[in-house]
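Visitor: Protein chains in written order, with UniProt numbering: chain A, 1 to 188; chain B, 1 to 188. All residues carry an ideal CB built from backbone N, CA and C; glycine is no exception. The structure displayed is predicted, hence computed values, not measured ones.
Number of protein chains: 2
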Amino acid sequence: MAKPVSPRGLARERVLSAALALFVEHGVHGTSVGMIAERLGVSKAAVYYQFSSKEDIVQEVLRPVVENTSRVIKIAEALPTWEAQRAVVISGLVEMAVGHRQLTAVFHADPAIAQVGSPELRAATDRLRELLEGPDPDPTSRIAITLFFAGVGSVAADPQFADIDDDDLHRALLDLSNRILQPATNTV
Amino acid sequence: MAKPVSPRGLARERVLSAALALFVEHGVHGTSVGMIAERLGVSKAAVYYQFSSKEDIVQEVLRPVVENTSRVIKIAEALPTWEAQRAVVISGLVEMAVGHRQLTAVFHADPAIAQVGSPELRAATDRLRELLEGPDPDPTSRIAITLFFAGVGSVAADPQFADIDDDDLHRALLDLSNRILQPATNTV
DNA sequence: GTCTATAAACAGATAGAC
DNA sequence: GTCTATCTGTTTATAGAC
Chain A
1 MAKPVSPRGL ARERVLSAAL ALFVEHGVHG TSVGMIAERL GVSKAAVYYQ FSSKEDIVQE
61 VLRPVVENTS RVIKIAEALP TWEAQRAVVI SGLVEMAVGH RQLTAVFHAD PAIAQVGSPE
121 LRAATDRLRE LLEGPDPDPT SRIAITLFFA GVGSVAADPQ FADIDDDDLH RALLDLSNRI
181 LQPATNTV
Chain B
1 MAKPVSPRGL ARERVLSAAL ALFVEHGVHG TSVGMIAERL GVSKAAVYYQ FSSKEDIVQE
61 VLRPVVENTS RVIKIAEALP TWEAQRAVVI SGLVEMAVGH RQLTAVFHAD PAIAQVGSPE
121 LRAATDRLRE LLEGPDPDPT SRIAITLFFA GVGSVAADPQ FADIDDDDLH RALLDLSNRI
181 LQPATNTV
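(1) Would you be able to state if there are at least three C-beta pairs under 8 angstroms between the region 129-149 of chain A and the region 108-122 of chain B?
(2) What first and last residue would you give for the alpha helix (DSSP H) that runs through A/Thr140?
(3) Using the Cα positions of B/Val24 and A/Leu79, report the straight-line distance between them to the nearest angstrom.
(4) Would you report the Cα separation of A/Val94 and B/Ala46, rounded to the nearest angstrom?
(5) Is the region 147-165 of chain B in contact with the region 59-66 of chain B, if contact means three or more CB pairs nearer than 8 angstroms?
(6) Residues of chain A with a CB under 7 angstroms from the CB of B/Phe148: which are they?
(7) Report the rounded CA-to-CA distance for B/Arg71 versus A/Gly99, giving the unit in angstroms.
(8) Do we get a CB-CB distance below 9 angstroms when we pair B/Met1 with the residues of chain A?
(9) Give a yes or no on whether the C-beta atoms belonging to A/Leu173 and A/Gln102 are separated by under 9 angstroms.
(10) Which residues in the same chain have their Cβ closer than 8 angstroms to the Cβ of A/Ser154, if we skip the five residues on either side of it in sequence?
(11) Examine chain B for any beta-carbon lying closer than 9 angstroms to the beta-carbon of A/Ala109, and answer yes or no.
(12) Looking at the C-beta of B/Gly92, does it have a partner C-beta in chain A at a distance below 9 angstroms?
(13) Is B/Ile164 close to chain A? Criterion is C-beta to C-beta, closer than 9 angstroms.
(14) With C-beta atoms as the reference, is A/Ala18 less than 9 angstroms away from A/Leu40?
(15) Would you identify the three-state DSSP class for B/Leu121, choosing helix, strand or coil?
(16) Which residue marks the beginning of the alpha helix (DSSP H) containing A/His170, and which one marks its end?
(17) Compare the C-beta of A/Gln102 with all C-beta atoms of chain B and state if any pair is closer than 9 angstroms.
(18) Go ahead and pull the three-state DSSP assignment for A/Leu20.
(19) Name the chain A residues that come within less than 8 angstroms of B/Arg142, Cβ to Cβ?
(20) Does the beta carbon of B/Ala11 sit closer than 9 angstroms to a beta carbon anywhere in chain A?
(21) Please report how far the alpha carbon of A/Val116 lies from the alpha carbon of A/Asp175, in whole angstroms.
(22) In this structure, does DSSP put B/His100 in helix, strand or coil?
(23) Cβ closer than 9 angstroms: which chain B residues qualify as neighbours of A/Glu67?
(24) Using the C-alpha atoms, what's the distance from A/Phe51 back to A/Arg12?
(25) Is DSSP giving A/Phe51 helix, strand or coil here?
(26) Using only alpha-carbon positions, find the residue among A/Ile164, A/Ile73 and A/Asp138 that is nearest to A/Glu120.
(27) Counting along the chain, where does the alpha helix (DSSP H) carrying A/Pro80 start and finish?
(28) Beta carbon of A/Ile180, beta carbon of B/Arg179: below 9 angstroms?
(29) Kindly list, in the order they appear in chain B, the residues whose Cβ is closer than 7 angstroms to that of A/His29.
(30) What do you get for A/Ala97, buried or exposed, if any count of 16 or more other CB atoms within 10 angstroms of its CB means buried?
(31) Rounding to the nearest angstrom, what Cα-Cα distance links A/Asp126 and B/Ala87 in this structure?
(32) Applying a beta-carbon distance threshold of less than 9 angstroms, which residues of chain B neighbour A/Leu20?
(33) Interface residues of chain A around B/Pro139 at Cβ under 8 angstroms?
(34) Based on Cα-Cα distance, which residue from B/Phe161, B/Pro135, B/Ile145 and B/Asp165 lies nearest to A/Ile143?
(35) Using only the alpha-carbon positions, how far apart do B/Lys3 and B/Leu10 sit?
(36) Just to confirm my understanding: we take A/Val188, look at its own chain, exclude 5 residues before and 5 after, and list those with CB closer than 6 angstroms. What are they?
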């Protein structure tokens, strides 16, 4: 990462960055390839040179979330108890939200993702929910989990919190996770 | 009888209902007037006979939220203390979410709303936030409020909770509001 | 009230020049 | 690597027949 780029290089990254910003603002469906090109000051064809399709762009924008989610699942599944698994999943979710603020919101809230997203992506998020819910969850905790999921994404992307630094945001979200996602027990 | 409708009458309501369902599924940008017509088994022109534009449809779909929000604001503003105001706003939000489940989600999550929405709509939601935040809110409670806002909408629209009846959902969300929106420790 | 037909704009995507 | 130009399909919206 953070490779010093050649003067004209890394056009791909610039496209992905512009695309993400527009996805946050207008949603995936509300963002055209032309809008991405315009924001970069290049032509549509220049964007299509870097990516084979709009869906390709969406997939690549989403890649960090998919990879991170898979990683968290793997780590969690290696743990013996549900409580430990849940703690890892919560921590992973919050870290992802803080580390990829805009991305998290697009991922959680945009209806387009459900359709564009690969099966692996849907499988990963389903698994994440399962791990959070634990065995035989009651409706109340399923509601709490859904609320937390969406809420974390929304907070992460909200521009009004852009100036809050990562550590503070991380702390606030973890604190909220404790308040929201607790039946009775308290560890961690 | 308020309005004895013709056999297939109330075409407007049918359009709005179909539109809302599609907005939930595909987002506003992802829903075309043609899709709405197709779902109703009529032509696009038939839809345009009822509504002057797609934006018009969106506005009308959103109207119950706008009106309900304004009503809640008026009630809250008539109260003397911030605590009382906050309780009314929370209660109003939850009631709206439960009573208009799908609508609430479109309203809170769809990026298209921010652009399509009238100024009065944005003003109303901003005022609602102000009332929830109270005077001089710290970042932590602003984060909690944002999370609650988005989370309630997300829960309301989630099909997995469709079979939970209104009372139970209402209770669960109010309970969560208590857990989330606590003034941390420094009170009164 | 609903239809077919159509206009105008816009979206995704490709070809070929430089 | 980026451009202009273009093709194709879709979308919003309107006109006019029934």
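Guide: On the basis of the coordinates in this document:
(1) Output reads no: the region 129-149 of chain A does not touch the region 108-122 of chain B.
(2) Taking the first residue of the first sequence as position 1, residue 140 of chain A is located at position 140. Element bounds for A/Thr140: Pro139 to Ala157.
(3) Position 24 of the second sequence, counted from the start, is the residue given in the question as residue 24 of chain B. Position 79 of the first sequence, counted from the start, is the residue given in the question as residue 79 of chain A. Their Cα atoms are separated by approximately 37 angstroms.
(4) Residue 94 of chain A sits at position 94 when you count from the first residue of the first sequence. Residue 46 of chain B sits at position 46 when you count from the first residue of the second sequence. In a straight line, the C-alpha of A/Val94 is about 48 angstroms away from that of B/Ala46.
(5) Contact fails between the region 147-165 of chain B and the region 59-66 of chain B, because fewer than three Cβ pairs, one in each stretch, are under 8 angstroms apart.
(6) In the second sequence, the residue the question calls residue 148 of chain B occupies position 148. Result: Gly151.
(7) Within the second sequence, numbered from 1, the residue matching residue 71 of chain B stands at position 71. Within the first sequence, numbered from 1, the residue matching residue 99 of chain A stands at position 99. Between B/Arg71 and A/Gly99, the alpha-carbon positions lie close to 39 angstroms from each other.
(8) Against the second sequence, residue 1 of chain B aligns to sequence position 1. Confidence at B/Met1 is low in this model, with a pLDDT of 47, below 50, so its placement is unreliable and the value that follows should be read with caution. The Cβ of B/Met1 sits no closer than 9 angstroms to any Cβ of chain A.
(9) As a position in the first sequence, residue 173 of chain A is number 173, starting the count at 1. As a position in the first sequence, residue 102 of chain A is number 102, starting the count at 1. Contact check for A/Leu173 against A/Gln102 fails: the beta carbons are separated by 9 angstroms or more.
(10) Taking the first residue of the first sequence as position 1, residue 154 of chain A is located at position 154. So the qualifying residues of the chain are Ala105, His108 and Ala109.
(11) Numbered from 1 along the first sequence, position 109 holds the residue referred to as residue 109 of chain A. Answer yes: the Cβ-Cβ gap between A/Ala109 and chain B drops below 9 angstroms somewhere.
(12) Mapped onto the second sequence, residue 92 of chain B falls at position 92. In terms of beta-carbon proximity, B/Gly92 stays away from the interface with chain A, with every pair separated by 9 angstroms or more.
(13) Taking the first residue of the second sequence as position 1, residue 164 of chain B is located at position 164. The Cβ of B/Ile164 sits closer than 9 angstroms to at least one Cβ of chain A.
(14) Counted from its first residue, the first sequence places residue 18 of chain A at position 18. Counted from its first residue, the first sequence places residue 40 of chain A at position 40. Yes, they are a contact pair.
(15) Counting from one through the second sequence, the residue named residue 121 of chain B turns up at place 121. The answer is helix: DSSP assigns B/Leu121 an H, G or I state.
(16) In the first sequence, residue 170 of chain A corresponds to position 170, counting from 1. That run of the alpha helix (DSSP H) goes Asp166 to Ile180.
(17) Here residue 102 of chain A corresponds to residue number 102 of the first sequence, with the count starting at 1. Contact of A/Gln102 with chain B is not assigned, every C-beta pair being separated by 9 angstroms or more.
(18) The residue labelled residue 20 of chain A in the question sits at position 20 within the first sequence. Shown here, A/Leu20 sits in a helix according to DSSP, grouped into three states.
(19) As a working mapping, residue 142 of chain B is identified with position 142 in the second sequence. Within 8 angstroms Cβ-Cβ: Gln160 and Phe161.
(20) Reading the second sequence from its first residue, position 11 is the one you call residue 11 of chain B. At a cut-off of 9 angstroms between beta carbons, B/Ala11 makes no contact with chain A.
(21) Residue 116 of chain A sits at position 116 when you count from the first residue of the first sequence. Residue 175 of chain A sits at position 175 when you count from the first residue of the first sequence. Spanning the alpha carbons of A/Val116 and A/Asp175 requires a straight line of approximately 33 angstroms.
(22) For the purposes of this step, residue 100 of chain B is identified with residue 100 of the second sequence, where counting begins at 1. DSSP places B/His100 in coil when its eight states are reduced to three.
(23) Residue 67 of chain A sits at position 67 when you count from the first residue of the first sequence. Within chain B, no residue comes near A/Glu67; the closest Cβ sits about 24 angstroms away, beyond 9 angstroms.
(24) Residue numbering aside, residue 12 of chain A sits at position 12 when the first sequence is read from its first letter. Residue numbering aside, residue 51 of chain A sits at position 51 when the first sequence is read from its first letter. Within the model, the alpha-carbon separation for A/Arg12 versus A/Phe51 is close to 8 angstroms.
(25) Within the first sequence, numbered from 1, the residue matching residue 51 of chain A stands at position 51. Looking at A/Phe51 - three-state DSSP - the assignment turns out to be coil, as it is neither helix nor strand.
(26) Walking along the first sequence from the start, residue 120 of chain A turns up at place 120. That would be A/Ile73, whose Cα lies nearest to the Cα of A/Glu120.
(27) Start at 1 with the first residue of the first sequence, and residue 80 of chain A comes out as number 80. First-last for A/Pro80: undefined, no H or E at that position.
(28) Numbered from its first residue, the first sequence carries residue 180 of chain A at position 180. Numbered from its first residue, the second sequence carries residue 179 of chain B at position 179. The answer is yes: Cβ separation under 9 angstroms.
(29) To locate residue 29 of chain A, count along the first sequence from 1; it is residue 29. Gly27, His29 and Gly30, listed in chain order.
(30) Taking the first sequence and counting its residues from 1, the one referred to as residue 97 of chain A is at position 97. Its Cβ being crowded by 16 or more others within 10 Å, A/Ala97 is buried.
(31) As a position in the first sequence, residue 126 of chain A is number 126, starting the count at 1. As a position in the second sequence, residue 87 of chain B is number 87, starting the count at 1. Distance between the alpha carbons of A/Asp126 and B/Ala87: 35 angstroms.
(32) Locating residue 20 of chain A in the first sequence gives position 20, where the first residue counts as 1. Chain B residues near A/Leu20: none, gap ~13 angstroms exceeds 9 angstroms.
(33) Counted from its first residue, the second sequence places residue 139 of chain B at position 139. Contact note: B/Pro139 reaches chain A through Phe161, Ile164, Asp168 and Ala172, using a C-beta cutoff of 8 angstroms and chain order.
(34) Position 143 of the first sequence, counted from the start, is the residue given in the question as residue 143 of chain A. Looking at the Cα atoms, B/Phe161 is the closest of the given residues.
(35) Looking up residue 3 of chain B in the second sequence gives position 3. Looking up residue 10 of chain B in the second sequence gives position 10. Residue placement at B/Lys3 is poorly supported in this model, since its pLDDT is 47, which falls under 50; the coordinates are not used for a value here.
(36) Numbered from its first residue, the first sequence carries residue 188 of chain A at position 188. The pLDDT assigned to A/Val188 is 47, lower than 50, so where the model puts this residue is not dependable, and the model offers no usable value.
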